[in-house]
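Asks: Sending over a structure as structure tokens; questions will come in a sec.
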Amino acid sequence: MHQMNDLRRIDLNLLVILDALLSEQHVTRAAERLHLSQPAVSHALGRLRDLLGDPLLVRAGATLVPTPRALELIAPLAEALAQVQSLLAPNTFDPATAKRTFRLAMSDYGAAIVLPGLIRTLRREAPGIDLQISHASREGMLDGVLNGDIDVAAGVFPELPNELRSTPLFDERYACLVDHQSLPADGTLDLPTYLARPHVLLEMRGSGTPEIERALTALRERRRVAISLPHWSVAPEFIAGTDLILTVASRGLRGIDEQSLIVVPPPFHIPSFTFVLVWHKRRGGDQALNWLNGRIEEGINPVIN
599 MHQMNDLRRI DLNLLVILDA LLSEQHVTRA AERLHLSQPA VSHALGRLRD
649 LLGDPLLVRA GATLVPTPRA LELIAPLAEA LAQVQSLLAP NTFDPATAKR
699 TFRLAMSDYG AAIVLPGLIR TLRREAPGID LQISHASREG MLDGVLNGDI
749 DVAAGVFPEL PNELRSTPLF DERYACLVDH QSLPADGTLD LPTYLARPHV
799 LLEMRGSGTP EIERALTALR ERRRVAISLP HWSVAPEFIA GTDLILTVAS
849 RGLRGIDEQS LIVVPPPFHI PSFTFVLVWH KRRGGDQALN WLNGRIEEGI
899 NPVIN
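Here the working numbering runs 598 ahead of the position in the sequence shown, where the first position is 1.
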């Protein structure tokens, strides 16, 4: 009976405010996000503290820090609100009139492949749809999808938690970018040369290229990484006029200036991989998200270099 009384005291608005507070960890920012006054959000936080028997957010300098109880609530609260949103959503999704913001996570490599076609489609078919793009490690992107901060992630995810669903976009292979003057006349790159030369590694913490290192380990070989950086787009600029080698997904090397650079196959076998879209299973009934995922799939060029 006590539990039923507690349920009668909670309304959906309180849960929405709690979600914003846990996300922003700041009363004023949460109020701005919800288009409410700061006193109204502070009053709601007081009610939540009373209902849940926990301070939820405690002050640490200029910010509010979630308590252990609040941290436990983040994921189930996001899931509950997503389910309510799906329940109350109209039966049909009309892209021509929809007003919505989607939060996508991907690397700059993924952005170069996914976004051009997607954005042209949105401007033509769904001008009221806005996108917020973020970049994180593989683990960071999956965490964002799990906790509701991200609607869909695009990338390479060899292992997925049971709560997530995925669909393949394309299969990809690796290629090497080198200065053409650093190769013999026949333009081949052999394994001894590959191992003797310095390399550029594209890496964020938790999102490097373990496939390449595993392939070399299988040969009982290692390469020397002279430059490690997280920026895909600038990496090819390091190669011209140097002995550096960049080994990356082949689609990222489209449009390379072939006057000074050349794309060649790796001189050893590196398994291909699948680039996928990932979303939370609780979003399966979200027609708008399903529509967006379909437009992303349609916009991918099926031809691989």
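In this text, a Cβ means the ideal position worked out from N, Cα and C, and glycines have one as well.
State the Cα-Cα distance for the pair Asp777 and Leu890, rounded to the nearest angstrom.
Replies: 39 Å
Asks: What does the Cβ neighbour count give for Glu723, buried or exposed, with the cut at 16 atoms within 10 Å?
Replies: By the neighbour-count criterion, in which a residue is buried when 16 or more other Cβ atoms sit within 10 angstroms of its Cβ, Glu723 is exposed.
Asks: Would you grab the beta carbon distance between Ala752 and Leu702 for me? Rounded to a whole angstrom, and I think it's under 8 Å.
Replies: 7 Å
Asks: In three-state DSSP terms, what is Trp830?
Replies: It is coil, neither helix nor strand.
Asks: Taking Cβ to Cβ, would you say Thr695 is nearer than 9 Å to Gly659?
Replies: Cβ distance not < 9 Å, so Thr695 and Gly659 don't count as in contact.
Asks: Going by C-alpha distance, which of Asp855, Thr665, Leu720 and Ile672 is nearest Val743?
Replies: Ile672
Asks: So, Thr872 versus Asp769, is the Cβ gap smaller than 9 Å?
Replies: yes
Asks: Consult DSSP for Ala847 and reduce its assignment to one of helix, strand or coil.
Replies: strand
Asks: For the alpha helix (DSSP H) that Glu809 lies in, which residues bound it at each end?
Replies: Pro808 to Ala816
Asks: Which residue wins for smallest C-alpha separation from Ala734, given the options Gly715, Asp706, Leu654 and Leu613?
Replies: Asp706
Asks: At a cut of 8 Å, does the region 745-761 reach the region 817-832 through at least three beta carbon pairs?
Replies: no
Asks: Using the three-state DSSP reduction, which class does Val682 fall into: helix, strand or coil?
Replies: helix
Asks: Pull up the distance between the alpha-carbon of Gln683 and that of Asp617, whole angstroms please.
Replies: 13 Å
Asks: Expressed to the nearest angstrom, what Euclidean distance is found between the alpha-carbon atoms of Thr661 and Leu610?
Replies: If you draw a straight line from the Cα of Thr661 to the Cα of Leu610, it is about 25 Å long.
Asks: In angstroms with no decimal places, state the Cα-to-Cα distance between Ile748 and Met739.
Replies: 8 Å
Asks: Looking at C-alpha atoms only, which residue of Gln730, Leu716, Val862 and Thr690 is the closest neighbour of Tyr772?
Replies: Val862
Asks: Rounded to the nearest angstrom, how far is the Cβ of Lys879 from that of Glu761, given a contact under 8 Å?
Replies: 6 Å
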